[in-house]
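Numbering (full-length UniProt numbering), first residue to last: 1 to 379.
Structure first, then comments.
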């Protein structure tokens, strides 16, 4: 089995940076309660700016696949390859531009490369790591020679007032309203990409992928982040939007089209994530003292604080000075966030050959946690 390396990364953030004071002007205003909750949520997530593939008239400036393709081209441009060298494409996203066909087909079409193998992964944040693992395995066993991996989101389209107004009567309960508003004031748009190969770069640093672990805890937790089912019906999966007798309009009136986040359940799920981290320590896969850098995706600063509190209580904390994030300046871009973070980390430098980089991508959808260990290698 061959070693596999991340040899380049790319990112695409659409438009101009949007500060907190301009969010409502782009997403659209729902009502005064939405504005009040938005200010509370922004204090919790501490995101200062983000990017939207949408203008002030609510018009789309790009597509999910388009942003993935732009990030992919940026990654290839900084690699030692041409697009024609890529023979494997794996994509991750929460929801592609179309219900059918898969997102990887759309990204391949936007790239315009020749025939290649594709794989689509649809989940939430961890879909990026699912895509990365598929590429890692294909390269490791000799099924591919050069892989592109993308994560991309166009979350802003979920947050226009029209997605909420048909079901405003269902948002009278404050917990339900918070579940509907949290992601509206937290998620944003963008694309990220990696180039992976079974050999390091000839010039400059590469990151060897030592291992990737991904665990679903869906057997232990209900749906936490969701769209396609009314919030109060999320314990009954048979009640999905497509089963509504009144069609899509009826599903919208039931609140099934809104993107929701159960904050109380999320706090319980965090304990499950930390439990999987501790299990990897017990197995010797992670030695906290040997980790030189931590790239951990999290949706809000308040959740970072909760994770650190639990790791510290367990005696397994990695020095916080080793943690890197760009959440506060690039926003939470879901499945794209980790790749956008890694791209900035690679470009900044400050790492040395032999150093270990622990990458952590949790997902609240239905409790997924993923880890990747990298080792810095210099050509």
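In this text, a Cβ means the ideal position worked out from N, Cα and C, and glycines have one as well.
Residue i - containing beta strand (DSSP E), residue span
i: residue 120; result: 117-122
i: residue 173; result: First-last for residue 173: undefined, no H or E at that position.
i: residue 208; result: 205-216
i: residue 265; result: Unbroken run through residue 265 is the alpha helix (DSSP H), 263-282; no beta strand (DSSP E).
i: residue 293; result: 293-296
i: residue 370; result: 368-378
Extent of the continuous alpha helix (DSSP H) to which residue i belongs
i: residue 5; result: No alpha helix (DSSP H) holds residue 5; the beta strand (DSSP E) holding it covers 5-12.
i: residue 307; result: 301-313
i: residue 192; result: Run containing residue 192: none in the alpha helix (DSSP H); it sits in the beta strand (DSSP E), 190-197.
i: residue 246; result: It is not in any alpha helix (DSSP H) - residue 246 carries neither H nor E in the DSSP assignment.
Where residue i falls, given that 16 or more other Cβ within 10 Å makes a residue buried
i: residue 95; result: buried
i: residue 243; result: exposed
i: residue 109; result: exposed
i: residue 271; result: exposed
i: residue 287; result: exposed
i: residue 359; result: buried
i: residue 261; result: buried
i: residue 45; result: buried
i: residue 7; result: buried
i: residue 38; result: buried
i: residue 192; result: buried
i: residue 93; result: buried
i: residue 218; result: exposed
i: residue 88; result: buried
i: residue 133; result: buried
i: residue 200; result: buried
i: residue 124; result: buried
i: residue 312; result: exposed
i: residue 334; result: buried
i: residue 170; result: buried
Beta-carbon separation (whole angstroms), residue i vs residue j, contact threshold 8 Å
i: residue 188; j: residue 332; result: 7 Å
i: residue 152; j: residue 71; result: 7 Å
i: residue 90; j: residue 135; result: 5 Å
i: residue 144; j: residue 131; result: Going by Cβ atoms, the distance from residue 144 to residue 131 rounds to 13 Å, so no, they are not a contact pair.
i: residue 65; j: residue 190; result: Incorrect: roughly 13 Å between the Cβ atoms, too far for contact.
i: residue 107; j: residue 150; result: 6 Å
i: residue 285; j: residue 211; result: 7 Å
i: residue 330; j: residue 340; result: 6 Å
i: residue 181; j: residue 41; result: 6 Å
i: residue 231; j: residue 279; result: Between residue 279 and residue 231 the Cβ distance is about 31 Å, and since that is not below 8 Å, they are no contact.
i: residue 69; j: residue 13; result: The Cβ separation is near 14 Å, so there is no contact.
i: residue 47; j: residue 303; result: Actually they do not touch by this definition, with Cβ atoms about 12 Å apart.
Beta-carbon proximity list for residue i, same chain, < 6 Å, skipping 5 on both sides
i: residue 265; result: 224
i: residue 9; result: 75, 194, 342, 343, 346
i: residue 198; result: 2, 4, 139
i: residue 369; result: 215, 273, 276, 362
i: residue 183; result: 259, 261
i: residue 408; result: Shown here, the chain extends from 1 to 379; a query on residue 408 therefore has no answer.
i: residue 59; result: none
Residues near residue i by beta carbon distance below 7 Å, same chain, minus five either side
i: residue 323; result: 294, 296
i: residue 167; result: 252, 253, 254, 255, 258
i: residue 308; result: 317, 320
i: residue 228; result: 240, 241, 256
i: residue 18; result: 26, 49, 50, 51, 52
i: residue 159; result: 27, 184
i: residue 350; result: none
i: residue 204; result: 379
Own chain, CB closer than 8 Å to residue i, minus 5 neighbours either side, in chain order
i: residue 202; result: 80, 379
i: residue 56; result: 25, 26
i: residue 306; result: 267, 270
i: residue 35; result: 24, 29
The ligand MG heavy atom lying under 7 Å from the CB of residue i
i: residue 175; result: The ligand content of the structure shown is nil, which means the ligand MG is not present either.
CB contact below 8 Å: residue i versus chain D
i: residue 224; result: Looking for chain D here will not work: only one protein chain is present.
Checklist entry - Of all the beta strand (DSSP E) runs that stay within the bounds of the UniProt domain "Thiolase N-terminal" (66-155), which reach a length of 3 or more residues? => result Correct list: 88-93, 117-122, 147-153.
Item to check | Segments of 4+ residues assigned as alpha helix (DSSP H) that fall wholly inside the stretch 319-365 | outcome: List check, alpha helix (DSSP H) in window: 327-330, 337-348.
Next on the checklist: My parser needs the alpha helix (DSSP H) runs of 4 or more residues fully inside the stretch 13-50; what are they?
Outcome noted: Runs of the alpha helix (DSSP H) inside the stretch 13-50: 23-27, 32-45.
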